[in-house]
Each structure stands twice: as structure tokens, then as C-alpha cells.
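2 protein chains.
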Amino acid sequence: MATIRELARLCGVSPATVSRVFNNPGVVNAKTREQVLRMARQIGYLPNQSARTLATKKSFMVGLVWDTDHRRPGWRHPFFQEILIGLKTALSGRGYHLLMLATSGEKSHDAYVRAVRRHNLDGVVMIDSGTWDPSLRRLAESGVPCVGLDRPVRGPRATYVTSDNVGGARLAVRHLHERGRRAIATITGPAHTRPGAERLRGYREELSRLGLPQRPEFVVEGDFYLSGGHAAMRRLLAADDRPDAVFVAGDEMAVGALHAIAEAGLKVPEDIALVGFDDIEVAALMSPGLTTIAQDKAGFGTAAAEAVVAMINGADAPPPRILPTRLVVRGSSSPSL
Amino acid sequence: MATIRELARLCGVSPATVSRVFNNPGVVNAKTREQVLRMARQIGYLPNQSARTLATKKSFMVGLVWDTDHRRPGWRHPFFQEILIGLKTALSGRGYHLLMLATSGEKSHDAYVRAVRRHNLDGVVMIDSGTWDPSLRRLAESGVPCVGLDRPVRGPRATYVTSDNVGGARLAVRHLHERGRRAIATITGPAHTRPGAERLRGYREELSRLGLPQRPEFVVEGDFYLSGGHAAMRRLLAADDRPDAVFVAGDEMAVGALHAIAEAGLKVPEDIALVGFDDIEVAALMSPGLTTIAQDKAGFGTAAAEAVVAMINGADAPPPRILPTRLVVRGSSSPSL
DNA sequence: CATCACGCTGTAACCGGTTTCATGTAACCG
DNA sequence: CGGTTACATGAAACCGGTTACAGCGTGATG
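Listed below in C-alpha cells is the structure:
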């Protein structure tokens, strides 16, 4: 492995000059610079990142906190993969790498903080269950630039990225109303999760705006999973007065709901129209296709990368970024015949 | 930030001793060791990984090469997320972290090699399209311990992990045969991909074993995607003599096939039974549920971690690891009425 | 001509660990 | 009791970069 001193010797200059060629090209004489670059290519010189980090305290690495505890829901965020692609791409475009943080089972409250310190991470992105794990709170409060994905994060240099859940839910309800539905129920996410609460709020707001009554029996709490959607739908169907449309606050629950409706011998969209939320891959694969509120998947990653890099470069924590959502119409909300 | 010299001073020992406490606890006197550990905890001392790496050339980081070029299929491996969880967990249990490698758009043939060198990565895991990208070939040949996921990798210290595609395909065909089907077609993956070729081979082998004829018109090539499955199924249905069962070499294609069958006014499983491959999440969500060949998702990650760590610790490249597959029976292959 | 500014470069200390080698001490053995 | 050995530790070099500071040559300025 070629070192900076070797390269310097070959070029007849000092290591400092070589270093400057790479970090501060402006200050070094054009001729010298060219020569150093040429020689560097020739002998395959590569600056050693560890040495650099040791000297500068900048690692050009961002940690990804991704809580894969199977008891919690977060580990399978509906479009984790797309977020990850966006994040990786956006970070690498800015010269940063992504380190998957792991606590090696260590259950200390500052396991993450320690990992971040140990590796001199420049910033952190968190995507997880949204439960306020103390070790995550510590992390956000520790002062590293910190961006939460789909979960609020508070700390001296922390911000977050989320979708416009309220607006999306309103879009969904408005759409069902435009399709002529008036008895619009909702299956919500868990009340303690932020997306769950916000989507419910949007549903309520839009009902008010449309002058439709708020009917408590039309609000059933689900769990964002298939089985929860199934169970919730069965409860809705069991009531005397069943809805003619349901806004389901998550696509996976919507699939469960779809099955429950079919089991009850009813048809979508003829008897009950359905609108989901997320636009996961399955949504397009169902029959009928699932009308849903799409989130800007790649946008999550990009926005997170932007925010964390900005903070790394000394900016104050930017305000939370709310990504727009949009309605994707498919068969499950087609005009009934 | 507390350094090793500070800690040493506080304990009245030399930095060397402190270092030994952490790396070679056996050689240092029990009393001294305890004292150092206690003091370390008290002042929150954390060894700096960059300094360590600089001195030892071991980073305890493994790179993940994940080609997200959208023109290639690899970036959305059917169960990327599960593999990633398995990998992360298994690595972290062995004291390694996972660094998502990115080439920052650099199109050099040894972009990956350079990234690995620069960061002193101890090993690499690759999951991608399976196309022989020259920069990946270089990487495998560069001598870093290297494990391919669902793709063969050759190099001085390289091996790979894959599923028993042949065996799985045979299971599928045998199952359809047991259900009384005799006109068993297949929709394959692209012939140039390894899983595609192997699953086709399994299909052929099992037909032979069962004494069923090989009918060229019953073999249609797909692309592992929804649309390819749909198109392939239409071709099968258009023939004079249509099959009563299809082994589809990927679940996503199977979903496409299912739609094509429905569009043709036929029923699954009554008219045509279907068996997929992969056991992706959708498989259980369809109606009818998709009978499929399940792969050991978490096993991929674990096996890859084991292999790469073994090689890092000096072992020779272990032979390729073939993970067992198993049949998951659902509605799409129920006995026809 | 002395002075100064400017542009470029080198020297050397430093980042925070690890590791070789030497050394001191205590135990052990014939 | 002298010599060997094992054990525990410290001094110092080293890993490969960065950077504060000093120095040098050149041309401009008073």
C-alpha cells in the first residue's frame, strides 16, 4: 500500500504538499499538482480513510439506526428498501457512506451513542418503530446531527422527515366522497403512532369539511398489519349499519380488509369502496387494484440525506420536512355500477 | 473525548497496559485490569476505532455491495430486507459492522476495490443483479474475503450462498404431480440468470423422474417480474393444448400469471394449479394464497456472515453454501374439486 | 535598496491507538 | 544461592494522514 510519504518522495515534494493536492488543491502550484496527481494514479495511491478520520475527526460516514427487534413493528417499514436506496444514493452523491449501526445485543442505554462516538460518525439517520427507546432518545440528545424517518426526533441538532399524513387522509376521504360514498368509515393505525394519529385526524377534518357526521362506530383501530385490517373490517361489517366506503390507513391492512369483505360475500368496489395508504407494491398487484395514497418513497431518503449533510456542515437543524402525498386511483374505488 | 493516555495517567499505568486490558486481557494482572476497567467506565472512555484501524489494519467493517442501478433487476431482490436483517444481526454478533458501499457515480472499473482499500474493509458481501459487472469481478479477484448472495462469485477468497433451486423446483413439480396434474408447464426466469437456469433444470429433472414428457411449448421464459409472468401465461393459454398446472419460477411472476388466468376466465386452482418460488410476502396475501417454494431468507444473511468472518479469520474460502428450500402449500394448488 | 506581501512549500507535531522489545520482579529449581 | 523462567509492565516507534507555523523566492512598493 502506497502511503503519502512514498508518493511525496517519488514526486520530490513533502507529504504536506501531497496532502494539500487532495484537500486544498487551490493553494498548490498547478504544475506540482498535476505531477502529484499523475504519479498518484500511476502507483495507485489511495488516501487511508482511517488516518484521515483520526486526524480530522471527520469520518464521512453516517450511521443508520434501524431497529430490527422483531417484537416491534418498525423493522419492516412499508418501503424500507426504497428509502434505503434514496438515502444511499443521496449520501454517496455528497461524499458520505452509510454504516448500518448495530448494538451487538448490548442493552446499555447508550449503546448507540457509544457506537457513534467510537466510529466518529458525522451524523445519524433513524428509521424504526417510533417507540421512544431510551437509547435512541440519548442519541438524539447527544448532539450528533440526527434525522428521523417517519418519526419525530427531538434534540439539539435533530429533525425529521415524514409524509403529509393529514393531507393524504383528506385526499382519500374527498375521493370517496366524490365517488358518491357517504357512509365512510376508517380503519386506523395504532393511536400511539404518529402516522396512525395523523391519518385519523385527516379523516376527521375532511368529514367535517364535507359536512358528513362523525360516527364513532365508523372508526376502528388496526395495527398496520394484515390481520389487524382483517379483524377491523369484520367489526365494521358486523355492525347494523355498514359503511359503503372505508379509508384504511395502511395498504397492508387494506389487503386484510379486502379479504374480510370477500369472505362476507360482498364485493369491492360495488358494495364497499376501499382506499389505502402507502402504495406498497402489493397495492397494484391485487385484484381489484387498490386505490391508495402514495408517499414519496425516494423523497424520504433524499430529504434525510440533505438534512443530515446540512447539519454536518454546520447548519442549524432545519424544520421537519413534510413530503407531499398523492392519490393513486385503482379499481377498489371505481365508480360502483 | 478521553484518550488512552489520559486513562492511563489516571490509573497510574502506561498506555500500553490499558491497550492490553482491552485487547489481550489475559496478560495483564487481574487487579490492574479491574482498576482500568472501572476507571474507563467512570470517565466514559471509548477506544477510537479509526486509530485502531490505522494501527492494526482491521476495521471490523464488512462492505455491502448492493447494485441499485435501476436498469438491472438485482436491486430489488425478492427478500432483500430479510437478508439484510440476517446479515446485520449475524455480523454484529461477531463484532462486525456493515458499511453500504457506494461508488459515488464513479464509473471506474475498480471503484469498489478502491472503496474497500480506502476504508480498510475486512470483507465484502455482494447482492446484486448477477451480471458480471467488471468492477465486481475485480473486487472478487482483488483478494478481499468476498461472499456472493444468490450469485456465484469466483476469486481467491470468494464463495457464495444460494438456495437449492434445483431441489425446490423438483419439489414444486412433484407436488403438482401428486395433486393429479399431468400437463405441467413452467414459466422460467431469464435463462442467463443462475436461479432461472437452475429452476428450469429442476423442473426438467423431475418431469423425467416422473416419466412425464418434456414439451418445449410448455416452457416459456419470463423475466422474474409481474409483467413477464403475465405475458408468459398468456402465451401458455393461447396454445391449443393448455396446461393444467404451471410451475412459475418466481412469486412475482406467479401473481402476473394469476391475473392472466383470471382475465382468460379460468380459475385457480380448478382449471390451472400454480406453484411459485420465493415465498414473498404477497404470496400469502393473494386469494387464493399462492403455493410456493420458500427460501430460507434469514439463512442467507447468517450464512454469508459466517462465511465472510471465517475467511477474515484466515480460513480458506468455504465451498458454496446451498440453503434448503421447502414447499409451502396454499390455495393455488389445492386439490381441484 | 530595504521592505513587504504573496504564493508556495517543507518541518514537525499531532491525532489515538498497537506492538515490539527491554526491563524489573518474583517464583522456581537443582 | 545462582540461574532460569514466567509474568507484568513501560518506553518508544509506528500506523498514515493533517495542519500550524516558519521559511523561501519573487516581484512590487516606497
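Sequence lines, in order, name chains A and B. Using the working numbering, read the first sequence as starting at 1 and increasing by one per residue. Using the working numbering, read the second sequence as starting at 1001 and increasing by one per residue. Virtual Cβ for every residue (Gly too), placed ideally from N, Cα, C.
Under the assumption that residue i contacts residue j (Cβ atoms under 8 angstroms), give the Cβ distance between them as a whole number of angstroms.
| i | j | result |
| --- | --- | --- |
| residue 262/A | residue 1287/B | 7 angstroms |
| residue 1257/B | residue 1279/B | 16 angstroms between Cβ atoms; not a contact. |
| residue 161/A | residue 307/A | 7 angstroms |
| residue 260/A | residue 234/A | 5 angstroms |
| residue 1182/B | residue 1212/B | 7 angstroms |
Can you check whether the CB of residue j is closer than 8 angstroms to the CB of residue i?
| i | j | result |
| --- | --- | --- |
| residue 169/A | residue 225/A | no |
| residue 1087/B | residue 1304/B | yes |
| residue 1221/B | residue 1191/B | yes |
| residue 1039/B | residue 1084/B | no |
| residue 1100/B | residue 98/A | yes |
| residue 116/A | residue 180/A | no |
| residue 159/A | residue 335/A | no |
| residue 1289/B | residue 1283/B | yes |
| residue 184/A | residue 243/A | yes |
| residue 255/A | residue 1285/B | yes |
| residue 1148/B | residue 1126/B | yes |
| residue 1195/B | residue 1150/B | yes |
| residue 1276/B | residue 1189/B | no |
| residue 1056/B | residue 1163/B | no |
| residue 1311/B | residue 1095/B | no |
| residue 1301/B | residue 1090/B | yes |
| residue 1348/B | residue 1246/B | For chain B, the structure presents residues 1001 to 1337; residue 1348/B sits outside this window and is missing. |
| residue 1021/B | residue 1005/B | no |
| residue 52/A | residue 1049/B | no |
| residue 80/A | residue 1081/B | yes |
| residue 1274/B | residue 1291/B | yes |
| residue 1043/B | residue 1002/B | yes |
| residue 1199/B | residue 1317/B | no |
| residue 1030/B | residue 1017/B | no |
| residue 54/A | residue 1054/B | yes |
Using DSSP bridges, identify the partner residues of residue i.
| i | result |
| --- | --- |
| residue 1291/B | 1275/B |
| residue 218/A | Answer is none; residue 218/A lacks a bridge partner. |
| residue 1338/B | Outside the modelled stretch of chain B, which goes from 1001 to 1337, sits residue 1338/B, for which no answer is possible. |
| residue 1184/B | 1245/B |
| residue 11/A | DSSP output for residue 11/A lists no bridge partner at all. |
| residue 124/A | 63/A and 146/A |
| residue 1163/B | 1323/B |
| residue 1328/B | 1292/B |
| residue 1158/B | 1146/B |
- Message: Check whether the stretch 167 to 175 of chain A and the stretch 323 to 331 of chain A are in contact - that is, three or more C-beta pairs closer than 8 angstroms.
- Response: yes
- Does the stretch 94 to 114 of chain A come close enough to the stretch 131 to 141 of chain A to have 3 or more Cβ pairs within less than 8 angstroms? Taking a contact to require three or more Cβ pairs closer than 8 angstroms, the stretch 94 to 114 of chain A and the stretch 131 to 141 of chain A qualify as touching.
- Task: Answer yes if the stretch 194 to 203 of chain A comes into contact with the stretch 232 to 246 of chain A, meaning at least three C-beta pairs across the two stretches below 8 angstroms, and no otherwise.
- Result: no
- Task: With a floor of 4 residues, list each alpha helix (DSSP H) that falls wholly inside the stretch 38 to 122 of chain A, ordered by position along the chain.
- Result: Along the length of the stretch 38 to 122 of chain A, whole alpha helix (DSSP H) runs at least 4 residues long occupy 49 to 56, 80 to 93 and 111 to 118, reported in chain order.
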